[in-house]
Each structure stands twice: as structure tokens, then as C-alpha cells.
Amino acid sequence: MSKLQQRLMRELQQNRNIKIIKTDEWCIPIRTVEVTYEPVRRSTMDVLMTMLLLSIQEADFASTHELSELLLVDPLFIEDLVSLMSRASLIEQKENFYRLTSKGQQQLERGIFEEELDVEMANLYYSPCHLAFLAVDEDNVEEYDDLPELYRYVDEEAEKQEHFEETMLIDALQQEDDEQAGASQKIISKIVQTDAKQINDSPCLEFVLYNKEQDIVFVRVWNALLNQWDSYLEQQLTEKEQRQWREKYL
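When the count follows full-length UniProt numbering, it moves up by one through the sequence shown with no breaks and lands on 250 for the last residue.
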């Protein structure tokens, strides 16, 4: 941490008008929450699928061979597509004919195809200090042997929290998937199970700064878990301590 602190101090003081008047280190608690959920893959319905559903809607077809002849598409390809739409509950067989389900009718009208995917599991990281899940890159999470004291404004009640609203969990999971969205999008349809795991402390570096040219005192906080400056904690410290900084350090 000392190397990181030195690097950040050099960066902050590149402006000659900036003077560091206080440095501090502390930790914020982070609760790991293991979430099992059901996703669906949402994509724009392609032309062939649309034509197939429209054909089934408008006429009676008893076999994939009949559909293949109408659409002039290879029978094996039609069989695969019909099998996919049957598994997705878009079509069903009634009285020996293919029929659209209410779900199939809705998706046809919207032009959107939703395919149910296998159940998945992910870890989310809840910060009682932010009252929110943080977008953490697990590949960059480091372990520290010696950690400083706990942040002085930890919400003790929030720290004990083990149960989270489904909408909050879905929003956190969806935010991660949206960052990787392409032609199709993965939507979280249902939370199956949550398991609140251990709480681990994550370090932050605090710098109280004085700008001589503008005659202002302000704070920067580096969140090691996020590997970036943390505007939320900076705002919190500003609201609670800004009046004291000038009196104490200038």
C-alpha cells in the first residue's frame, strides 16, 4: 500500500498549487453475496423465425416438412428451429397442428426472441458504507496481510445486513451483463437463491488537499477494491468534515 500511496501523492501534487495536508488509511467492510439466478437471452427475432411464426399463425401445419416446403428452407434447419421454439414455449402441438402459444404471440408482436438459459451463479460485493453493491473486477481483487482500522463512518446496521431485495440483486447483476452486451442481451429473469458470505475488509487511502490558488480544501479517496477514486466516499467525508479541515490543518 505504501507504494500505491506514494504514486498517488505524486499524481495529486503534479499541480504545484496543490498541497497534501493530511493522509490517512482505513478499511471499508465488503460482504460477499453468492447469487444463483435464472437468465434469459433476448435478441431481435430474425427473418426466418418471424416467417415461421407467421406461417404457423396463419395456417395449419402438421409437420416440419410442410413448413420447409413453404419457406424453401432445408428441412433439418426447420426442425432445429421448431425444436428451439418448442423448448422456448413459443409454439406447441394441438390437434396434430403447430400452434402459437400466448408467449409466442407476444414475442412475435414485439419482434423479440427470449431464450431461457441455464441457471448461473455469481458473486456480488455489498458495501455498507455505500449502501450498494460495487462493480468489482474479481480478477483484480488483491489480498492484504496488514490492514488499517475500520472507516470511521461505517453504518453498523447496514454492516449486519444479510438479506437483500430481489430488485437490488437483479440491478447489480444486470449492470455487469449490460457492460458485455452485444447483438443479444442477457436478462436476469429470477433470483433463485442468495447466500450472504463472509465480510472482508478492503483498504482505502484518504488525502486531504489544499489548493493555494483557489483557497479551497477538499478530499480524494482511493478505493483499492475498485482501483479508482471513490466519489461517494469523498462526498460523504466532505459533508461531515470539510469545516474541520481548514481549522485543523491550515
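We treat Cβ as the ideally placed atom computed from N, Cα and C, and that holds for glycine.
### Task
With a cut-off of 8 Å on the beta carbons, I'd call L108 and T50 a contact; round off their distance for me.
That belief holds up - the Cβ atoms of L108 and T50 are roughly 7 Å apart, short of 8 Å.
inquiry  = By alpha-carbon positions, which one of N96, N211, E206, R246 ends up nearest to Q235?
reply    = E206
For F97, which residues from the same chain have a beta carbon less than 7 Å from its beta carbon, with the 5 sequence-adjacent residues on both sides left out?
D60, F61, A62
key: Coil, strand or helix - V47 by DSSP   = helix
According to DSSP, is S202 part of a helix, a strand, or is it coil? strand
Exercise for the section: Please report how far the alpha carbon of P75 lies from the alpha carbon of L100, in whole angstroms. Expected result: Their Cα atoms are separated by approximately 20 Å.
Quiz prompt | Euclidean distance between Cα positions of S43 and Q185 | solution = Going from the Cα of S43 to the Cα of Q185 covers about 6 Å.
Review point. Taking the alpha-carbon positions, what's the A196 to C129 distance?
Key: Cα-Cα distance, rounded: 17 Å.
Practice task
Kindly identify the DSSP beta-bridge partner or partners of P75.
Solution key: None; P75 has no bridge partner.
Would DSSP call R31 helix, strand or coil? strand
* **CB of V208 within 8 Å of CB of Y249, strictly** => Contact flag set, yes.
**Request:** Would you kindly report the start and end of the unbroken alpha helix (DSSP H) that includes M9?
**Result:** 2-12
With a CB to CB cut of under 6 Å and the five nearest residues on each side skipped, what residues in its chain are close to S68? P75, I78
Cross-strand partners of W222 (DSSP beta bridge)
L205, W229
#### Entry: Alpha-carbon spacing of I56 relative to D118, whole angstroms
28 Å
Check: Is there contact here, the stretch 121-135 with the stretch 21-41, by at least three beta-carbon pairs under 8 Å?
Finding: yes
CB E120 to CB V40, shorter than 8 Å?
no
**Asked** Among the residues of its own chain, which have a CB less than 7 Å from the CB of P203, if the five just before and after it don't count?
**Response** M1, E25, C27, Y144, L147, P148, A224
- Mind checking who K103 pairs with in its DSSP beta bridge? Answer is none; K103 lacks a bridge partner.
Item to complete: With DSSP collapsed to three states, give me the class of D24.
Response: strand
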